[in-house]
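Residue numbers (our numbering): 678 to 865. Yeah, the Cβ is synthetic: ideal placement off N, Cα and C, and Gly gets one too. Reviewing the structure listed below.
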Amino acid sequence: MSLGFFLFIALALLILIVAGMYNSLVRLRVQCDNAWADIDVQLKRRYDLIPNVVETVKGYAAHEKGTLEGVINARNKAMSAQGPAAKAEAEGMLTGALRQLFALAEAYPQLRAVESFTSLQGTLSEIEEVVQNARRYYNAVVRDLNTRIAVFPSNIIAGMFSFKSREFFELKEAAQREAPKVSFGAAQ
678 MSLGFFLFIA LALLILIVAG MYNSLVRLRV QCDNAWADID VQLKRRYDLI
728 PNVVETVKGY AAHEKGTLEG VINARNKAMS AQGPAAKAEA EGMLTGALRQ
778 LFALAEAYPQ LRAVESFTSL QGTLSEIEEV VQNARRYYNA VVRDLNTRIA
828 VFPSNIIAGM FSFKSREFFE LKEAAQREAP KVSFGAAQ
């Protein structure tokens, strides 16, 4: 066998390795995009539910206008936030506003007895759990992508094809990591 044949085999093997690394980076990038889209879908469900919760509370606690407006303002900021860091910060503000709303609702036993409010609470609780799971999945995929971009030899391929590290979707304060409490126990 000639030297040319070995060079051809070595070159073919190198091309296959580079293609494999490139394809794995692309796969992880697509998974990141998909995971972020899943978070967006769940957050949209949450954003769509919040006006219904506010309207229900408004009927029983209309004089608590500041709290209700705070929830709507936080919702609007969260809806317009772009990128994981800005979205996480806005979501933290929204979670705090929802906590205030549900603390307010605690003072109104007649509101807790309303079936539509109880149903909205349950739906919001379910959405919070799905958002938490989607956030965990997104962060796991981002971790995998960022690791692949940073380790040798795939970091060379990542640099050649301009793959960039992604931001994690992290909540800054410990209180933001908890879903808003939406269960008030038995209606009175």
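request  = Taking Phe-846 as the reference, give the member of Leu-693, Tyr-699, Asp-715 and Ala-696 with the closest Cα.
outcome  = For the purposes of this step, residue 846 is identified with residue 169 of the sequence shown, where counting begins at 1. Looking at the Cα atoms, Asp-715 is the closest of the given residues.
inquiry  = Quick check: the Cα distance between Glu-732 and Lys-721, rounded to an integer number of angstroms?
reply    = As a working mapping, residue 732 is identified with position 55 in the sequence shown. As a working mapping, residue 721 is identified with position 44 in the sequence shown. Those two C-alpha atoms are separated by around 18 Å.
message = For the structure I just gave you, are there three or more beta carbon pairs, one from the region 800-811 and one from the region 785-792, closer than 8 Å?
response = no
query = Does the count of Cβ pairs from the region 749-759 and the region 823-831 closer than 8 Å reach three?
reply = no
Those runs of the alpha helix (DSSP H) which lie wholly inside the region 783-821 and span at least 4 residues = 786-789
query = In three-state terms, what does DSSP make of Ala-774?
reply = Locating residue 774 in the sequence shown gives position 97, counting from the first residue. Residue state for Ala-774 is assigned as helix, using DSSP reduced to three classes.
ask   = Do Val-730 and Leu-797 have their C-beta atoms closer together than 8 Å?
value = Counting from one through the sequence shown, the residue named residue 730 turns up at place 53. Counting from one through the sequence shown, the residue named residue 797 turns up at place 120. A contact, by the Cβ cut-off of 8 Å.
query = In angstroms, rounded to a whole number, what distance separates the CA positions of Ile-694 and Asn-711?
reply = In the sequence shown, residue 694 corresponds to position 17, counting from 1. In the sequence shown, residue 711 corresponds to position 34, counting from 1. When rounded, the distance between both Cα atoms is 26 Å.
query = Can you tell me the Cα-Cα spacing of Glu-783 and Ala-774, whole angstroms?
reply = Within the sequence shown, the letter at position 106 stands for residue 783. Within the sequence shown, the letter at position 97 stands for residue 774. So the alpha carbons of these two residues sit roughly 14 Å apart.
Three-state secondary structure assigned by DSSP to Glu-768 = One-based indexing of the sequence shown puts residue 768 at position 91. Here Glu-768 sits in helix by DSSP.
request  = Throw me the rounded Cβ distance for the Leu-822 and Leu-705 pair, which I believe falls under 8 Å.
outcome  = Your numbering for residue 822 matches position 145 in the sequence shown. Your numbering for residue 705 matches position 28 in the sequence shown. Indeed, because the Cβ distance is near 4 Å, the residues count as touching under 8 Å.
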